[in-house]
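Everything below concerns the one structure shown next.
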Amino acid sequence: MILRRVIQHVRNQEWTAIAIDFLIVVIGVFVGIQVSNWNESQADSRRGQEYANRLLADLQKDLQGRRNHVAYFAAVNASADQTIALLQEPTPDAAMLVVNAYRATEYSSVRQTRSTWDEIVSSGSVGLLPQTAVETGLADYYAVDLSERDRAALEASPYRRLVRTTLSHSIQREIRQHCSDQLDDAQRTTGFMASCDLDIDQAEYATAARQLRDNPLIKDALLYQFSTLAIASANLRGDITFLERAIAALEGTNF
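Take the sequence shown: its position 63, counting from 1, is numbered 638 in the numbering used here, and each next residue is one higher.
Next up, the structure:
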């Protein structure tokens, strides 16, 4: 309709009317672009809010898992402390030495919950997140899963290998079933079992304790185990500090 009217105005040489028609077209295009930009901005804002909410839930899950594992590694370290003390005694309690030596070999990890972050990065949507949250170091946190790296180090530790190739299969099986990791419904480690009701006779304990004490490599490897445990605990505490900061940034954002 506008085009037909413009043609008619040109034929009639109605220049003022032509100018008005042209202005109407320009304004219409401008308004259309602005509305389109506004709609796109609103869509980006909604997507950013959705990503932020999902990422917040992921980080809160990671935080809880790492807090649980700080306590877990504190218990492992306590068993290592007890083991080194018992190995230095002339007549240590055999059962305590065996159980603590085994528990000092334990490890666990809590993997990063990273599906949301991977989706954000792959879709090029990092810019939709609150800048304050990005500046806390999200990219650095997700670049390396320190918990998995520490898990691998503890799994392959010389101390773990020495102890678990020294203790009999029956003793290890009994400890695993009745004195090892406590798991939740999702089979995630939450700590150690509260009590150790083991069906192991004193003669078997005595033999196992003697084998542990007679191997000088075990004590040396245990000293190195302390270092590995300290690194794992320090990395967990570092993650906790970051996660608390990132969660606070996401919770304090208004879209």
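Glycine included, every Cβ here is placed at the ideal spot set by N, Cα and C. Since the structure is predicted, the reported quantities are computational estimates derived from the model, not experimental observations.
{"Check": "Using the Cα positions of Ala670 and Lys794, report the straight-line distance between them to the nearest angstrom.", "Outcome": "17 Å"}
{"Check": "Buried or exposed: Val673, going by 16 or more other Cβ atoms within 10 Å of its Cβ?", "Outcome": "buried"}
{"Check": "For chain B, find out if any of its Cβ atoms is closer than 8 Å to the Cβ of Asp759; answer yes or no.", "Outcome": "Included in the structure is just one protein chain, with no chain B present."}
{"Check": "Can you give me the Cβ contacts of Asp637 inside the same chain, cut-off strictly under 8 Å, excluding the 5 residues immediately before and after it?", "Outcome": "Val685, Gln687, Thr688, Asp814 and Leu818"}
{"Check": "Do Leu811 and His644 have their C-beta atoms within less than 8 Å of each other?", "Outcome": "yes"}
{"Check": "Is there contact between the segment 657-664 and the segment 781-797, where contact requires at least three CB pairs shorter than 8 Å?", "Outcome": "yes"}
{"Check": "Less than 8 Å between C-beta atoms, sequence neighbours within five positions excluded: which residues of the same chain meet that for Arg641?", "Outcome": "Val685, Ser722, Leu811, Asp814, Ile815 and Leu818"}
{"Check": "Within 10 Å of its beta-carbon, does Val719 have 16 or more other beta-carbons around it, so buried, or fewer, so exposed?", "Outcome": "exposed"}
{"Check": "Using a Cβ distance threshold of 8 Å, determine whether the segment 770-779 contacts the segment 740-758, with at least three qualifying pairs required.", "Outcome": "yes"}
{"Check": "If you follow the alpha helix (DSSP H) that Gly813 is part of, which residue opens it and which one closes it?", "Outcome": "Pro791 to Glu826"}
{"Check": "Excluding the 5 residues flanking Ser700 on each side, which residues of the same chain have their C-beta closer than 7 Å to its C-beta?", "Outcome": "Arg622 and Tyr626"}
{"Check": "May I ask you to report which of helix, strand or coil DSSP gives Gly623?", "Outcome": "helix"}
{"Check": "Apply the 10 Å Cβ neighbour rule to Asp725 and answer buried if 16 or more other Cβ atoms are within range, or exposed otherwise.", "Outcome": "buried"}
{"Check": "Roughly how many angstroms lie between the CA atoms of Ser620 and Pro705, to the nearest whole one?", "Outcome": "10 Å"}
{"Check": "Going by other Cβ atoms of all chains shown within 10 Å of its Cβ, with 16 needed for buried, is Ser683 buried or exposed?", "Outcome": "buried"}
{"Check": "Which same chain residues, not among the five before or five after Tyr677, have their C-beta less than 6 Å away from its C-beta?", "Outcome": "Ile750"}
{"Check": "Exposed or buried, Ala731, counting other C-beta atoms within 10 Å across all chains shown (16 or more means buried)?", "Outcome": "exposed"}
{"Check": "Quick one: grab the DSSP three-state call for Asp637.", "Outcome": "helix"}
{"Check": "Does DSSP classify Gln706 as helix, strand or coil?", "Outcome": "helix"}
{"Check": "Would you mind listing the beta strand (DSSP E) stretches within the segment 705-773 that are 3+ residues and don't spill past its ends, in chain order?", "Outcome": "756-758 and 764-767"}
{"Check": "Candidates Leu787, Gln800, Arg820 and Glu826: which alpha carbon is nearest Val651's?", "Outcome": "Gln800"}
{"Check": "Is it buried or exposed, Asn628, if we count other Cβ atoms within 10 angstroms and call 16 or more buried?", "Outcome": "exposed"}
{"Check": "How many angstroms separate the CA atom of Gln635 from the CA atom of Leu729?", "Outcome": "25 Å"}
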